[in-house]
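Notes follow the structure.
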């Protein structure tokens, strides 16, 4: 029975690892201190994305409909991207990363809204935030928000 359960669970674990690898390959950072250093060095705002990668359906849709697009990749060049994942499956992140992400949640996303984008400047002040995702209609709203709030 245990072997059968592990066989059923295996594809989900592989997919979660693939998601994590895809995030890191796409320019998203996962360490806040590192994101701060890069933001100061490049004089850019941090685009902090709060997600529940293994449970939040709107987060998954936002990733597919916005973050995986060419339009986003162009706008994202003006930001330091920070991926703040709070999965229900604790084994998807290291204990250190989970601790950091919970601290970021309590500092920048006090209401625990998912998905949430919070733009933070080099002085660690929130510039703007945008939450929720309903459908592809919202993609333009997100792109306009990001274009409006980038540093010039």
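Residue numbers (mature numbering (1 follows the signal peptide of the UniProt record, and there is no 0)): -16 to -1, 1 to 136. Every residue gets a Cβ at the ideal spot worked out from N, C-alpha and C, and that includes glycine. Keep in mind it's a predicted model, so treat the numbers as computed, not measured.
Item                                                                                                                                                     : Value
What does a CB cutoff of less than 7 Å around residue 49 pick up in its chain, not counting 5 residues either side in sequence?                          : 120, 123
Please state whether DSSP places residue 98 in a helix, a strand or coil.                                                                                : coil
Taking all protein chains shown into account, decide if residue 53 is buried (16 or more other Cβ within 10 angstroms of its Cβ) or exposed.             : exposed
According to DSSP, what are the bridge partners of residue 115?                                                                                          : 100
List the endpoints of the continuous beta strand (DSSP E) containing residue 31.                                                                         : 29 to 35
Out of 56, 91, 84, state which residue places its alpha-carbon closest to the alpha-carbon of residue 134.                                               : 56
Since residue 29 and residue 103 are thought to touch, with beta carbons under 8 Å apart, how far apart are those beta carbons, to the nearest angstrom? : 5 Å
Per DSSP, what kind of secondary structure is residue 69 in: helix, strand or coil?                                                                      : strand
Between 68, 105, 72, 84, which has its C-alpha nearest residue 39's C-alpha?                                                                             : 72
Please name the residue in 94, 32, 12 whose C-alpha comes closest to that of residue 108.                                                                : 32
The alpha helix (DSSP H) spanning residue 51 covers which residue range?                                                                                 : Run containing residue 51: none; DSSP gives neither H nor E here.
Tell me whether residue 13 sits in a helix, a strand or coil according to DSSP, three-state version.                                                     : strand
So, helix, strand or coil for residue 107, using DSSP?                                                                                                   : coil
Is residue 121 helix, strand or coil when you go by DSSP?                                                                                                : coil
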